[in-house]
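Chemist: Starting off with a structure, shown below.
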Amino acid sequence: MKRIIYFIMLVLLLLNLRIFSQESEDEIYSLSQSISFGWSNPISLTRSILDPVQQEKIGFLIDYQLYNNDKNFYRAHVKFSPSYSKPTFTLNNFLISFHKGKQIIQKDNFKFGHGLGPYFKCNIYRNQQSSGTQVFWSSDYFGFGAEYFIFLDYKIKENLYFNFLLNINFGLHQYYDATIVNGINSQEYWGLKTANQQLISLSLKKQL
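Going by this note's numbering, the first residue of the sequence shown is number 31, and it counts up by one from there.
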């Protein structure tokens with residue numbers, strides 16, 4: 031009798047596992063995704079062109095969104111300004127952030143929404159004095175905090191959108207000031223600041 035009971039329990043357990051697995055697969059396949067590539071610093075770069083004193087480099091962004099329904103989504107966002115001045119390769123204003131977002135309005139060809147999440151930023155350097163020598167990696171101007179974003183999508187054609195993005199950051203950032211003693215050496219400080227070198231971004235979004 032016990033063997034029959036154990037056998038029935040095992041069959042029920044296997045059936046439940048199969049149903050749960052099927053539901054999980056259906057839920058995964060029902061998720062929609064999008065990916066964006068674009069220009070992360072149109073304002074600061076334009077200002078740099080007009081003002082020779084500023085030395086801003088063009089910035090790029092990569093943005094991935096995973097929608098768990100028609101309105102709510104999770105977002106991973108990376109942006110940076112690459113440059114190379116021998117022998118150093120630099121990623122200026124490197125920033126990575128993760129958000130939970132919500133679409134507020136969808137009308138005709140427009141989508142509008144916002145979201146909030148944490149971010150981390152720094153400058154990254156790769157230095158190699160000559161071929162065959164050791165490569166050195168370093169970084170500075172660290173920062174972390176909260177990022178709020180607003181987005182506007184305009185539909186160009188099926189599954190392709192022009193994306194306007196506004197980012198507002200606030201957090202604890204590393205910075206340097208000249209010391210009072212000689213004005214040459216710099217002293218490291220940490221303080222609450224915004225990180226809006228790349229306030230507005232423009233990109234193309236592809237719905238996958």
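Yeah, the Cβ is synthetic: ideal placement off N, Cα and C, and Gly gets one too.
These numbers come from a predicted model, not from an experiment.
What ranges does the alpha helix (DSSP H) occupy inside the segment 152 to 206, keeping only unbroken runs of at least 4 residues that lie completely in it?
Modeler: Those alpha helix (DSSP H) runs which fall completely within the segment 152 to 206 and span 4+ residues do not exist here.
Chemist: Let me make sure I understand the geometry here. Which of 136, 76 and 144 has the alpha-carbon closest to that of residue 196?
Modeler: That would be 144, whose Cα lies nearest to the Cα of residue 196.
Chemist: Which value, in whole angstroms, describes the spacing of the CA atoms of residue 174 and residue 94?
Modeler: Straight-line Cα distance between these residues: approximately 20 Å.
Chemist: From residue 89 to residue 190, what does the alpha carbon distance come to, in whole angstroms?
Modeler: The alpha-carbon atoms of residue 89 and residue 190 are separated by roughly 22 Å.
Chemist: Shortest alpha-carbon distance to residue 205 belongs to which of 192, 215, 193 and 221?
Modeler: Closest by alpha carbon: 221.
Chemist: According to DSSP, residue 231 sits in a beta bridge with which residue or residues?
Modeler: The partner list for residue 231 (beta bridge, DSSP) reads 195.
Chemist: From this set, 104, 76 and 73, which residue's C-alpha is nearest residue 65's C-alpha?
Modeler: Here the closest residue by C-alpha is 104.
Chemist: Pull the bridge partners of residue 131 from the DSSP assignment, please.
Modeler: According to DSSP, residue 131 bridges with 103 and 145.
Chemist: Name, in chain order, the residues that DSSP records as bridge partners for residue 237.
Modeler: Paired residues: 64.
Chemist: Of all the options 178, 100 and 232, which has the alpha carbon lying nearest to the alpha carbon of residue 135?
Modeler: For residue 135, the nearest C-alpha among the options comes from 100.
Chemist: For a quick check, are the C-beta atoms of residue 192 and residue 156 less than 8 Å apart?
Modeler: No. Outside cutoff.
Chemist: Can you have a look at residue 140 and say buried or exposed, based on whether 16 or more other CB atoms are within 10 angstroms of its CB?
Modeler: Looking at its Cβ environment, which holds fewer than 16 other Cβ atoms inside 10 Å, residue 140 is exposed.
Chemist: Which of the three DSSP states, helix, strand or coil, is assigned to residue 76?
Modeler: Residue 76 falls in the helix class under three-state DSSP.
Chemist: Grouping DSSP H, G and I as helix and E and B as strand, with all else coil, what is residue 139?
Modeler: DSSP places residue 139 in coil when its eight states are reduced to three.
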